[in-house]
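Engineer: Chains as they are written, first to last, in my numbering: chain A, 42 to 210; chain B, 42 to 210; chain C, 6 to 505; chain D, 6 to 505.
Just so you know, even glycine gets a beta-carbon here, dropped at the ideal spot from N, CA and C.
Note that this is a predicted model, so its numbers are computed, not measured.
Structure below; questions to follow.
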């Protein structure tokens, strides 16, 4: 099965072949690699590569996967051919929507102060909203210029991480 | 919702009503009981009953549930009305098959010795097969009288727990 | 001994106290806010009662509700842990009035310890050196006139301050006026008191504190020091015992100073005298923390004395069975505080759900934790997940064990201070014991991020994971399926055809 | 120091050695059988190689394959753990020949320690008392003639025996002949050697052993005793240090006896001299275990000395840095072995999958574990899951901590010895320290099962669980669903209709 994987800023073409037992043959950009890989739990894998043993945990992160290896965390995106095509289409649609900016809560927090009102003009770097998490205040800023279209929260409201707060177009 | 629960050798009729938040009202054989119950994980619940806190783990056991409370394990069977009726039917079917006995492996083990052959007569208490687990030998016996119909394993074979070994009718 | 203790706290310290009580056969009562219904301390206590909504001011700080729960549950004592109500003399007094034992010093002693000016006066009375300064409530004019007597740099501090709030370093007289304004205003807004005092600002001092234990008869012991110089924003990050610069002679002098201070304020309970120590090993008293410290485990591991059980016994009126000569120290212990925070983003708190939580274990490793896999770290409270403590026969062994334990410690779903602490444990200056209160700030500036070493492994694992997920999703290929189809499936298909 | 060590073992002890190596910066090589691909020691080592199928004889006992892996992976030493090849002089010799350091005594010393008759002779040479008996390879006639000299009851033991095999108690001369036959036959079938000897059988003795540490120069220390009287079928269940009957004077005499034995056989490595101690505190040497003991952690916790790291340093030729006067003991430690077994069914092994695994933690608690949640305990090996160790300032505190830790230890999916151990920790005779080698047998007979106390809670929880499962299964009521249906679902339905 063929995949396209992105780690750091590089993309790789990976071919996975299922061998006997817990063995797999991978071709990473044409270079073959034999791997002994056992799934230990939902998230945890044990890999042996040329005798070296690794415990790897994989969870869904912001990028499709957050991969833990010996204390390091790697963001890895792995797509099938079909998913890759689909993503290219979505990216075009997003480009069409350019100029639209959704300010979201970076973590579970409480809205302390709104710095803008609907209809207001904002420039890049303008403060839009102040949120508080764990006694620390955090000012969220606009990355582009535009008009405030929508405010989805009110002052004092508690929101989960990722919650859309303000929409600028 | 109504349930029929069996614990120890007693059966109880339990009515569960969902109250606000994590609160439930239970009626156990007509006696009302308010419970604050939160599911912590797949198996783990936190219960508060009249201020007393309990951590309870529930897993599927031989009887439908094995319930862990402060180091004690209780086997509890909880059935809906429908399941209870179904079980009564199944029990009748099982009674019709009476005389058929399947000797199964009590745990993952290795077959050491077969003590009977197909067609042979066995009496209650007769040894049928010897299995080994963790260096300990275990003789499995027939609980009833009958004829050996089928032998599903051979000596030296490794089997998983619950594997049918010998069938007597 | 008490038969039931209410623990007016949450998180790891509530669990620590529950453990001590269980060992002693004392029943425990937990309190919790609405945000903490699923917290570990609620699950592990014998009883648990909700005292209000998530914000601390409406729950963990509600003295009235907590006392009400204590009465209703018939608790005979309250353990305040640290933070929250632990240093609140009014709460101690309310307990005293309600006939419930507050596990701590008397409210009188707490008042004295809580005032920086009063405790500096106490130090002078008992002959313990303090940082040169003027500890009266000074007017602006007095400060401007007398600051040069002490000599710059000086520190302006809010009298009621704590945790770095209301504190300003002044390097020359031109900065004085604006620093006074800022200190007074922070003192007013944070503590409701604009009073300030001034102090000599020591260059790169160590923060070293002395643990004491005093029973109701006044029998007072010192249990040795803790080196707490590794701080950021005045919050301790790594603590250890003994201090790398300690000598037996200095320990005795500092220990006796701490005991004198405790006796001077009729101290009862476990407690801590904090000192600054300069490069010439001169020590200056800062304050008494009239409660259990977060970092108490390093003292427990080096002395073998359970401080929480000692607190409870003292509060129950039992005399300390030990004499000072019987206090012995063995080996070295280090504690790392594991916070939900992002070291790459100025240590900003990072609440959220612990998707994976695999704490380390092994010889010499203790993890005092308040969380579990699946727990959602609330936004309302201190973001500490656990305290990881390593004991070793010497400092080298303790650091080695701590480093391995940190590398084994897996927390996914949120960011934590673990990667940062791994780097601290490998830092040559830290390994040499060459630390002071400016260490962390300087360390953050000088450290470079290591290049990731296991990219290829991550890539390979992610590809196999994607392959397995994809295989689960896709139906088996028709050709293969035809050969492997089960008789059950065939029968079902047959039935389906007939029914049409 | 070595740069890479191969660990010729599995389970908790392999992990214990991995931890020691990591602390010392030494890389580790694990070996595993086909049944152990998912085992923890494979995952935690730096390298891992399969050495054969599940049965030990085809994998963990295959000296040739293990040496081959050591060569290929360029390991410079092999740690054998306990069991498997750890007391096999031929393997030690093969390592010596291959130029790979065997972390243990020389093969010569191992041969001597492995022979009961040779080690009894050694004891006589160095003046250490043994159980009265005749340690030559005796003929049947000689036994019949000389047994009365020693006086009944006597013990007939296979010379090559171990673990209770080839051993028979004889209470009167009429039983002698058949006991001799049984011993010889078990000796032959289990160890390939029919030789037997006879010994006085002591009434209710304690089993107490002395830990030693000896470096290559012959510098030998004793690290104190372990009380190991709690045994069933000659397998230890609970061990502790110090022994409740020990005095400083007796410890010194037994320690010096152990050191004399070690010197007498040019011992190098950590090792243990086992003794029986009678009611009058007379001690009798049994044997030397020329390897790390399962129960070594209780000594580590009371002395503060890491025995595994000591073994490795000794094997690397480093001299012991300690003198005997510097060995100090603090507090009390107890170890409970947690087995996959059914205490209600004569402790029969109970392999299977750990559906839940929540080991305890807390001050003074150490859990040396080889398993994890989801692990399937294989049928091929020893069914020990972990060793739980509790340290306390005194025996009372250690027992209290152990009891709490056992109650917190949750293993579901298989049966374990945990409930049995909880009862032992609450037994008045155990609490008094009144134990001997017959304790467990008598305890099993006298104990009654407690009535379950939490039936109603179990019932209530199961009912709510069933309710939640049922709610998940059932579709929401139609009326409610109509109002709550999402626009996405509606669109999908619409499309489906159009496509028909």
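What does residue 42 of chain C touch in chain B if you count any residue whose Cβ is under 7 angstroms from its own?
Structural biologist: Contact note: residue 42 of chain C reaches chain B through 63, 79, using a C-beta cutoff of 7 angstroms and chain order.
Engineer: Look at the Cβ atom of residue 42 of chain D, then the Cβ atom of residue 63 of chain A, and state whether they are nearer than 8 angstroms.
Structural biologist: yes
Engineer: How would you write the range of the alpha helix (DSSP H) that residue 49 of chain C sits in, first residue to last?
Structural biologist: 45–49
Engineer: By alpha-carbon positions, which one of C/286, C/385, C/427, C/362 ends up nearest to residue 348 of chain C?
Structural biologist: C/427
Engineer: Using DSSP with H/G/I as helix, E/B as strand and the rest coil, what is residue 251 of chain D?
Structural biologist: coil
Engineer: Please classify residue 58 of chain A as buried or exposed, where buried requires at least 16 other C-beta atoms within 10 Å of its C-beta.
Structural biologist: exposed
Engineer: Cα separation between residue 52 of chain B and residue 23 of chain C?
Structural biologist: 36 angstroms
Engineer: Which residue spans inside the region 7–69 of chain C form an unbroken beta strand (DSSP E) run of at least 3?
Structural biologist: 9–12, 32–38, 52–57
Engineer: Out of curiosity, what's the CA-to-CA distance linking residue 84 of chain B and residue 98 of chain B?
Structural biologist: 5 angstroms
Engineer: Would you please verify whether the beta carbon of residue 171 of chain B is less than 8 angstroms from any beta carbon of chain D?
Structural biologist: For residue 171 of chain B, the answer is no, since every Cβ of chain D falls outside 8 angstroms of its Cβ.
Engineer: Whose C-alpha, out of C/230, C/274, C/120, C/238, is nearest the C-alpha of residue 262 of chain C?
Structural biologist: C/230
Engineer: For chain B, is any of its Cβ atoms less than 8 angstroms away from the one on residue 460 of chain D?
Structural biologist: It does: the Cβ of residue 460 of chain D has a partner Cβ on chain B nearer than 8 angstroms.
Engineer: Any C-beta of chain D within less than 8 angstroms: which residues of the region 81–94 of chain A qualify?
Structural biologist: The residues in question are 81, 82, 87, 89, 92, 93, 94.
Engineer: Quick test of the definition: if touching needs 3 or more C-beta pairs under 8 angstroms, does the region 320–329 of chain D touch the region 115–124 of chain D?
Structural biologist: no
Engineer: Which runs of the alpha helix (DSSP H) at least 4 residues long sit entirely within the region 205–278 of chain D? Give them in chain order.
Structural biologist: 253–269
Engineer: Answer with buried or exposed for residue 191 of chain A, where buried requires no fewer than 16 other C-beta atoms within 10 angstroms of its C-beta.
Structural biologist: By the 10 Å Cβ count, residue 191 of chain A comes out exposed.
Engineer: Output needed for residue 484 of chain D: all residues of its chain with C-beta closer than 6 angstroms, excluding positions within five of it in sequence on either side, in chain order.
Structural biologist: Confidence at residue 484 of chain D is low in this model, with a pLDDT of 47, below 50, so its placement is unreliable and no value can be given for it.
Engineer: Give the range of the alpha helix (DSSP H) segment to which residue 119 of chain D is assigned.
Structural biologist: 112–119
Engineer: When you compare the region 459–470 of chain C with the region 110–123 of chain A, are there three or more beta-carbon pairs, one atom per stretch, that lie closer than 8 angstroms?
Structural biologist: yes
Engineer: Would you list the one or two residues that DSSP bridges to residue 435 of chain C?
Structural biologist: Partner(s): none; residue 435 of chain C has no beta bridge.
Engineer: What distance in whole Å lies between the Cβ atoms of residue 369 of chain C and residue 397 of chain C, which are believed to be in contact at a cut-off of 8 angstroms?
Structural biologist: 6 angstroms
Engineer: Suppose you measure from the CA of residue 499 of chain D to the CA of residue 476 of chain D; what does that come to, to the nearest Å?
Structural biologist: Interpretation of residue 499 of chain D is limited by its pLDDT of 45, a score under 50 that renders its predicted location unreliable; the figure taken from the coordinates is listed afterwards. Roughly 28 angstroms separates the two Cα atoms.
Engineer: Quick check on the DSSP output: what are the complete beta strand (DSSP E) runs of length 3 or more inside the region 87–118 of chain A, in order along the chain?
Structural biologist: 93–101, 106–110
Engineer: Compute the beta-carbon to beta-carbon distance between residue 38 of chain D and residue 58 of chain D, rounded to the nearest angstrom, for a pair I have assumed lies under 8 angstroms.
Structural biologist: 6 angstroms
Engineer: Please compile the residues from chain A whose C-beta is within a distance smaller than 7 angstroms of the C-beta of residue 52 of chain D.
Structural biologist: 92, 93, 94
Engineer: Quick check for students: name the residue ranges of the alpha helix (DSSP H) that lie wholly in the region 417–476 of chain D, counting only runs of 4 or more.
Structural biologist: 423–430, 433–437, 444–451
Engineer: Check residue 484 of chain C in the structure and name its three-state DSSP category.
Structural biologist: At residue 484 of chain C, the pLDDT of 47 sits below 50, so the modelled position is not reliable and the matter cannot be decided from this model.
Engineer: Mark residue 372 of chain D as exposed unless 16 or more other C-beta atoms lie within 10 angstroms of its C-beta, in which case mark it buried.
Structural biologist: buried
Engineer: To which residues of the same chain is residue 196 of chain A closer than 8 angstroms at the C-beta, ignoring the five residues directly before and after it?
Structural biologist: 152, 153, 154, 155
Engineer: Which residue comes first and which comes last in the beta strand (DSSP E) that contains residue 77 of chain A?
Structural biologist: Here the beta strand (DSSP E) through residue 77 of chain A covers 72–80.
Engineer: Determine the chain C residues that contact residue 76 of chain A at a beta-carbon separation under 8 angstroms, and present them in chain order.
Structural biologist: 465, 469
Engineer: For residue 79 of chain A versus residue 65 of chain A, is the C-beta distance shorter than 8 angstroms?
Structural biologist: no
Engineer: Would you list the residues sitting across from residue 345 of chain D in a DSSP beta bridge?
Structural biologist: D/421, per the DSSP bridge assignment.
Engineer: For residue 147 of chain D, count the other beta carbons within 10 Å of its own beta carbon; 16 or more makes it buried, fewer makes it exposed. Which is it?
Structural biologist: The residue in question, residue 147 of chain D, is exposed, as its Cβ has fewer than 16 Cβ neighbours within 10 Å.
Engineer: Indicate the three-state DSSP secondary structure (helix, strand or coil) for residue 164 of chain A in the structure shown.
Structural biologist: Residue 164 of chain A falls in the coil class under three-state DSSP.
Engineer: Can you tell me whether residue 135 of chain C is buried or exposed, with buried defined as 16 or more other CB within 10 angstroms of its CB?
Structural biologist: buried
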